[in-house]
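Report on one structure; see the data block that follows.
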Amino acid sequence: MDLQTKVKDVFSYKRYAKKLEKLNIITVEDFLFHIPFRYEDYSIVSKIAQVQEGEVVTIRGKIVDIRNAYIQRWKTLQKANVSDDSGIISATWFNQPFLVKSLPKNSFVSLSGKIKFFRNKPTMQSPDYELVEESSELIHTGRLVSIYPETYRVSSKWLRRQIYNILKLRRQGLIEYLPSSVIQENNLINFAQAIEQIHFPEKQEKAKNARYRLVFDEFLLLHLSGLKRRKEWDKNISNQRFFIAKFKKNIEEFWQKLPFELTNAQKRAVSEIFKDLGSKKSMNRLLEGDVGSGKTVVSAIAMYLTCLNGFQSVLMAPTEILAQQHYATISKLLKPFGIKVELITGGKKGIKNQESRIKKIANHNSRFMIHDSKNKIDVLVGTHALLYSKTGLDKLGLVVIDEQQRFGVEQRTLVRSKGKNPHLLTMTATPIPRTIALTLYGDLDLSILDEMPIGRKPVKTWLLPLEKRDRAYKWIEKQILKTKSQAFIVCPFIEESESMQTVKAATKEYEHLRKTVFPKLNLGLLHGKLKLKEKEEVLKKFKDKDIDILVATPVVEVGIDFPNATIIVIEGAERFGLSQLHQLRGRVGRGEKQSYCLLFTESKSETALKRLKAMETLRVGSELAELDLKLRGPGQIFGTMQHGRDLLKIASFSDFSLIAKTKRVAEKIFPELSKYPLLLEKIKNINLKQVSPD
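Numbering (this note's numbering), first residue to last: 84 to 777.
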């Protein structure tokens, strides 16, 4: 059994394979990186006569007797008496009849748990146990005992035993891969020790040192993989080195005809992008900005310059609805300048004009192939599925990808196959602290839009107690009738993702609001289980103002633009991270009217209320993400950005100091990386989660 062997191919694990997959244990090695989240301290070993009420101790003795007793129908009690040379203690378990055979009379056993006295006699209820055999090491009792993330019928005890056996058989496979200089300069223990001590620590200090080493490794490998990808990307000499000064007047005319003035942040981002487009290397830049900060306009300017230089652009959105919205926005901006913009989605069965024709192709991921032999298309807008299709655009110079968090490194590298090393601009509205953005996307240059468009009014945000709900509903109805504006009401996920339970809850809330609360208004319902055509119909009605209030689940695309929507109500606000709340808030405030965000919560938690109160004062997404990182941990930053969480099995992005430290180490050793083949191999094995096309 090799460490890289898949668990489904190991006889003893075969029947657990599906369950282990839920814990991200795919290979034998994955067991070793399934890290405990805490430890039970069973290290105090005591004589039975010396135990005290409430103590958590380990006692070792002989089973005097053990029996099953039926206490109710189908319910059993297992009771054992255990003795050492100082006395007797009774132990009880519930519904574990197999223990009578597992812990037979006269066998020696180690029990760990809390002591309780009953009628002045010591007892233990449901203690952890294991048989004591000669030359065997205790792993479930009598020490610091690791507690792991579990799933149905895969307990910490079972995982502990498998990890112990793997370490016993394959410890020699845990080869040190870090340079000795890095280990010495950073006071790290060696790799094999770290794996052993994270699972079976001799004391808390050793567990702490083991975790530090493994966290250090995760961040270091992440930085090094980013540097390596950047180096590989930089080898791409762009065949599309654009002229900029030559088209200065055209760009100035474009800016002057915009119906609004660009913010300083937008101008800065455009300048950075133009510098990239004018260089010898292919651009590889991430544009980060809040919903409504003007990313699409910045990308449109880049596409315009691409067209002026005689090249074509592709814009990919994560969903068909957003692709249609981008098409409308880009067309409005570019068509007045003679730029031909086309849209292709699964819903639009092809581009039908004289210069292009559509042909089905074999790959099931690729719906269409576009033949544009006369180069009449300047900008093509579609979904991420375009990445897996043959665009047929012979002069592709720029690829723009919206919603970077749904787009992994593997997809970014596929961009190279589109045209001859086209420039790449990726965009995200997910608020990410700068430190984390630079760690996750080490291969990208970063531009941040940290200003909102000039004249845009900040969304007024209020955290409301439940007793103000009725007054809030009356105010919402009055606002809609008075100003002819519209509103969203967002129902939270009941589970981690959108389930039928969530849909039913949203449907129930919709019916209650429609019949009881807002009978004078027109309400609509939108959730992720609707078919695309049904979604489009609901959104069209909302856009056409046939719907006054849209009741929705959080799965609805954050980038959808409805300038007439001025109110958003978020139910169960405590269930969302601040970044998610900020993105939801971004659905309103897109027009000239004052907009409002109402947060409802049933939570009485001080931490939860502190987080939500921050929404009333903080306006910048990255600031909210930083606060959420401190208060709730890294899981809340990413939202749908799943691969950011999957990358880190042990480390936490809240450890800013170690992120910075490992970045310096990575930059120091990267030039000599070829000297460390084992480290190089580790870097190659880092896989960012792939995101499948629509």
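Even for Gly, the Cβ is constructed at its ideal location relative to N, Cα and C. What you are looking at is a predicted structure, and each value in this text was computed from that prediction instead of being measured.
Three or more Cβ pairs closer than 8 Å define a contact, and the segment 665-680 falls short of that threshold against the segment 341-350.
In the pairwise beta carbon analysis, the segment 95-103 is classified as not touching the segment 219-232: fewer than three pairs are separated by under 8 Å. CA-CA distance, P646 to V671, rounds to 7 Å. By the neighbour-count criterion, in which 16 or more other beta carbons inside 10 Å mark a residue as buried, N504 falls on the buried side.
Between the segment 608-617 and the segment 540-554 there are fewer than three inter-stretch CB-CB distances shorter than 8 Å, so the stretches are not counted as touching. Restricting attention to Y99, K567, I171 and I515, the CA atom closest to the CA of I131 is found in I171. Shown here for L532: same chain residues with a beta carbon closer than 8 Å to its own, the five before and five after excluded, namely T346, A348, Q349, A352, L370, E371, G372, D373, S376, G377, K378 and V381 in chain order.
Boundaries of the alpha helix (DSSP H) harbouring W316: Q287 to D317, taken from the DSSP string. Look at H117 here: in three-state DSSP terms it is coil, with no helix or strand label. When the beta-carbon positions are compared, E709 and P541 stay at least 7 Å from each other.
Around the Cβ of Y125, a 10 Å sphere holds 16 or more other Cβ atoms; the residue is buried. Here the alpha carbons of Y295 and D167 stand approximately 40 Å from one another. DSSP places N248 in the uninterrupted alpha helix (DSSP H) bounded by S239 to R253. In the assembly as shown, L341 is an exposed residue. Its beta-carbon has fewer than 16 other beta-carbons within 10 Å.
Take K603, set aside five residues on each side of it, and the residues of its chain with a beta-carbon closer than 8 Å to its own are E560 and L564, in chain order. R143 has S193 as its beta-bridge partners, per DSSP. Contact between the segment 395-406 and the segment 457-469 is present, with at least three C-beta pairs closer than 8 Å. Here the segment 733-750 makes contact with the segment 507-525; the two share three or more CB pairs at distances below 8 Å. Annotated as distal: I222 and R253, with beta-carbon spacing of 7 Å or more. In this structure, the CA atom of V573 is about 23 Å from the CA atom of R539.
Beta bridge pairing from DSSP links Y96 with no other residue. Contact between L271 and F302 is absent: CB atoms are separated by about 12 Å, not below the 8 Å threshold. Rounded to whole angstroms, the separation of the alpha carbons of I651 and E220 is 59 Å. Taken in chain order, the complete alpha helix (DSSP H) segments of 4 residues or longer contained in the segment 375-409 are 378-391.
Membership of I460 in any beta strand (DSSP E) is not indicated, and neither H nor E is assigned to it by DSSP. Its Cα nearest to that of P514, the residue L661 stands out among L661, R554, P637 and E654. For L682 and D631, the gap between their C-alpha atoms comes out near 19 Å. Per DSSP, W545 is one residue of the beta strand (DSSP E) stretching across K543 to L547. Taking all protein chains in view, the Cβ of W176 is crowded by 16 or more other Cβ atoms within 10 Å, so the residue is classified as buried. Using a 10 angstroms sphere on the CB of A648, the tally of other CB atoms reaches 16 or more, which defines it as buried. Within the same chain, Cβ atoms closer than 6 Å to the Cβ of I278 are found at L115 and L257, the five residues on either side in sequence being excluded. Counting only the Cα atoms, Q245 lies some 22 Å from S209. Between the segment 129-146 and the segment 192-201, the count of Cβ pairs shorter than 8 Å is three or higher; the stretches touch. Among the bridge pairs identified by DSSP, D211 is matched with S195.
If you draw a 10 Å sphere on the C-beta of R368, you find 16 or more other C-beta atoms in it, and that means buried. When DSSP states are grouped into helix, strand and coil, T88 belongs to the coil group.
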